[in-house]
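Engineer: The opening position of the sequence shown corresponds to residue 25 in the working numbering, with each subsequent residue numbered one higher. Just so it is clear, CB atoms sit at the ideal spot from N, CA and C, and this is done for glycine as well. Pasting a structure here, questions to come.
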Amino acid sequence: MTSIADRTLAVGDQGRFSAALFVVLLISVFIATVAPFDVMFTAATFGSPILRAILIAVMVLTGAWAANNVGLRLTGRVGSLLAGAGAAILVAGYVIAIDCYLFRSSLPASYVRFFEEVPLADRFGYFMLRAFNENVIYRLFVFSTALSVLSEVRAKGLPPLAILAVMIGTQALNIGFNVTALSPDPITAGTLAYEALRYIVPGVIWAWLFWRFGFMAAETASVGCHIFLQPALGALL
């Protein structure tokens with residue numbers, strides 16, 4: 025991992041940056057309008073589709089500016105989407121191992137029933153749309169903005185461990201609000217271990233893909249992961 029201060033946005037990336045920004049903006053506004061998903065995002069917009077559309081647009085534009093400010097890209101070099109696709113397959117296999125084998129005996133019955141009872145097509149729609157805007161909120165907006173703020177504080181650039189800490193903290197914020205706080209079950213060491221392995225590790229991988237290959241690689245991975253994951257969980261849980 026190189027210092028983020030050493031990463032620059034090449035002149036040739038500017039056109040792709042604008043095109044990718046338009047696509048991300050369009051898709052994220054549509055998703056936010058029809059389904060907010062995120063707890064804090066929903067609370068901040070008071071259940072209003074119009075406010076959700078405005079807020080997600082502000083997040084996209086702010087996140088894109090912050091990403092550009094620290095040398096991160098929306099699009100990457102040739103092969104970046106292939107890296108995202110490869111990560112989608114690997115992470116799907118990782119999550120299958122976590123849910124279907126390592127922690128299978130401790131999974132809540134309601135979680136297992138969800139995959140048994142909800143049709144595959146509905147699960148595809150729910151998880152893929154949710155994954156797209158989760159990346160917009162927690163990777164493009166929160167992660168990029170945090171790095172931008174920290175880079176202003178530390179003029180010499182951020183060391184790799186600091187970037188990794190932001191990756192972890194960003195996803196921990198997401199899971200804390202949207203998984204841990206919503207669980208009806210007691211919070212135990214086992215629960216926290218499961219959530220760290222099941223949810224935080226993949227989120228860190230998506231952030232690393234953004235940092236290394238561009239935001240669209242992270243979106244390809246996190247959204248595409250469910251193409252492999254949802255049929256497997258439905259069959260194996």
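1. Label Val82 either buried or exposed according to how many other C-beta atoms from any shown protein chain fall within 10 Å of its C-beta, with 16 as the threshold for buried.
2. What are the start and end residues of the alpha helix (DSSP H) that includes Asn242?
3. Suppose you measure from the CA of Arg178 to the CA of Tyr223; what does that come to, to the nearest Å?
4. Less than 8 Å between the beta carbons of Leu85 and Ala91, yes or no?
5. Could you pull out every residue in the same chain whose Cβ sits closer than 6 Å to the Cβ of Asp30, ignoring the five residues on either side in sequence?
6. Need the endpoints of the alpha helix (DSSP H) that Phe201 sits in, please.
7. Buried or exposed: where does Ala231 fall if 16 or more other Cβ atoms within 10 Å of its Cβ makes it buried?
8. Given Val228, which residues of its chain have a CB within under 7 Å of its CB, disregarding the five upstream and five downstream residues?
9. Between Leu153, Tyr218, Val166, Thr212, which has its C-alpha nearest Val58's C-alpha?
10. Does DSSP classify Pro60 as helix, strand or coil?
11. Between the alpha carbons of Phe54 and Ala77, how many angstroms are there, rounded?
12. Run through the segment 117-167 for me and flag every whole alpha helix (DSSP H) of 4 or more residues, listed as ranges in chain order.
13. Leaving out five residues before and five after Pro226 in sequence, what residues of the same chain have Cβ atoms less than 6 Å from its Cβ?
14. Leaving out five residues before and five after Ala111 in sequence, what residues of the same chain have Cβ atoms less than 7 Å from its Cβ?
15. Should Gly108 be labelled buried (16 or more other beta-carbon atoms within 10 Å of its own) or exposed?
16. By the three-class DSSP mapping on this structure, what secondary structure does Ile211 have?
17. Check each candidate in Glu158, Leu253, His250, Leu260 and name the one with the smallest Cα separation from Asn202.
18. Report buried or exposed for Glu141, applying the criterion of at least 16 other Cβ atoms within 10 angstroms of its Cβ.
19. Leaving aside the five residues before and after Val247 along the sequence, list all residues of the same chain whose C-beta is less than 7 Å from its C-beta, in chain order.
20. Would you kindly work out how many angstroms separate the C-alpha atoms of Gln254 and Val94, rounded to a whole number?
Structural biologist: Let's see:
1. exposed
2. The identity of residue 242 in the sequence shown is Ala, whereas the question assumes Asn. Counting along the chain, the alpha helix (DSSP H) containing Ala242 begins and ends at 239-260.
3. When rounded, the distance between both Cα atoms is 30 Å.
4. no
5. Confidence at Asp30 is low in this model, with a pLDDT of 43, below 50, so the placement of that residue should be treated as unreliable; the coordinate-derived value is given next. So no residue of the chain qualifies.
6. Looking at the DSSP string, Phe201 is not in any alpha helix (DSSP H), and its letter there is neither H nor E.
7. The residue is buried, with at least 16 neighbouring Cβ atoms inside 10 Å.
8. Correct list, in chain order: Met191, Ile192, Gln195.
9. Leu153
10. coil
11. 7 Å
12. 133-141, 144-159
13. Around Pro226: Val115.
14. Ile229, Leu233, Ala245
15. buried
16. Secondary structure at Ile211: coil, using DSSP grouped into helix, strand and coil.
17. Glu158
18. exposed
19. Met152, Ala155, Phe156
20. Looking at the two C-alpha atoms, the distance is approximately 35 Å.
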